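Trainee: So for the sequence shown, this note's numbering puts the first residue at 119; every next one is plus one.
Don't be surprised by glycine CBs; every beta carbon is placed ideally from N, CA and C.
In this text the structure is predicted, and so the values were computed from the model without any measurement.
Take a look at the following structure, please.
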Amino acid sequence: MYGGGEINTIPVLDLPPAPRKRLVVITCMDSRLDVFRMLDLEIGDAHILRNAGGRVTDDTLRSLILSMHVMNTNEVFVIHHTGCGLHRVTNADLQSRVGLATGQDAAHIDFLPFDDLVDSVLGDVERLRTLPLLPIGITLHGAIYDVHTGTLHRVI
Numbered sequence: 119m120y121g122g123g124e125i126n127t128i129p130v131l132d133l134p135p136a137p138r139k140r141l142v143v144i145t146c147m148d149s150r151l152d153v154f155r156m157l158d159l160e161i162g163d164a165h166i167l168r169n170a171g172g173r174v175t176d177d178t179l180r181s182l183i184l185s186m187h188v189m190n191t192n193e194v195f196v197i198h199h200t201g202c203g204l205h206r207v208t209n210a211d212l213q214s215r216v217g218l219a220t221g222q223d224a225a226h227i228d229f230l231p232f233d234d235l236v237d238s239v240l241g242d243v244e245r246l247r248t249l250p251l252l253p254i255g256i257t258l259h260g261a262i263y264d265v266h267t268g269t270l271h272r273v274i
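Structure below.
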């Protein structure tokens with residue numbers, strides 16, 4: 119078991135469920151990305167929404183809408199990264215790989231691969247900007263994290 123056989127816990131009883139910085143970060147599930155160090159955050163500062171590619175999906179939107187309307191967050195940071203497994207692959211390739219591994223047809227799944235990092239960040243931020251279910255006046259940011267240099271490059 120991880121944590122030396124004990125469940126590794128951090129007491130959070132003194133923290134409110136709403137993030138202190140009223141921030142939501144949407145980023146990739148890649149285990150190399152330490153969002154807390156990247157943005158100089160501490161436990162309790164932000165909601166962190168992670169998925170393959172850090173894409174703005176319907177499920178991401180479900181969580182984001184609740185975060186904004188129930189937990190009163192008002193700022194979103196979309197962060198994609200270099201070396202992402204969804205960069206420069208195709209849906210057909212990914213669907214084929216899943217199909218070969220499982221013997222099941224995966225053609226109905228859109229894995230949201232992308233060819234250009236900047237375009238993917240801009241597209242995801244634009245999807246947020248045009249979503250009528252998000253509060254008016256929220257702050258939106260988009261960036262690319264370079265896994266080789268540890269540098270976060272602001273796109274928008």
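Starting from the C-beta of Asp-264, find all residues in its chain whose C-beta is less than 7 Å away, skip the five residues before and the five after it, and write them out in chain order.
Mentor: Excluding positions up to five away in sequence, the list reads Thr-200, His-271.
Trainee: Relative to the C-alpha of Pro-134, which residue among Cys-146, Arg-150, His-165, Leu-182 is closest?
Mentor: It is His-165.
Trainee: Is the closest heavy atom of the ligand FMN to the C-beta of His-259 under 7 Å?
Mentor: Ligands are entirely absent from the displayed structure, and the ligand FMN is therefore not among its contents.
Trainee: Please report the residue range of the beta strand (DSSP E) in which Thr-269 lies.
Mentor: 269–272
Trainee: Count the other C-beta atoms from every protein chain shown that fall within 10 angstroms of the C-beta of Ala-261, then say buried if there are 16 or more, exposed otherwise.
Mentor: By the neighbour-count rule (16 or more Cβ atoms within 10 Å), Ala-261 is buried.
Trainee: Pick helix, strand or coil for Asn-190, following the three-state DSSP scheme.
Mentor: coil
Trainee: How many angstroms separate the CA atom of Ala-170 from the CA atom of Phe-195?
Mentor: 16 Å
Trainee: Around the C-beta of Val-188, are 16 or more other C-beta atoms found within 10 angstroms, so that it is buried, or is it exposed?
Mentor: exposed
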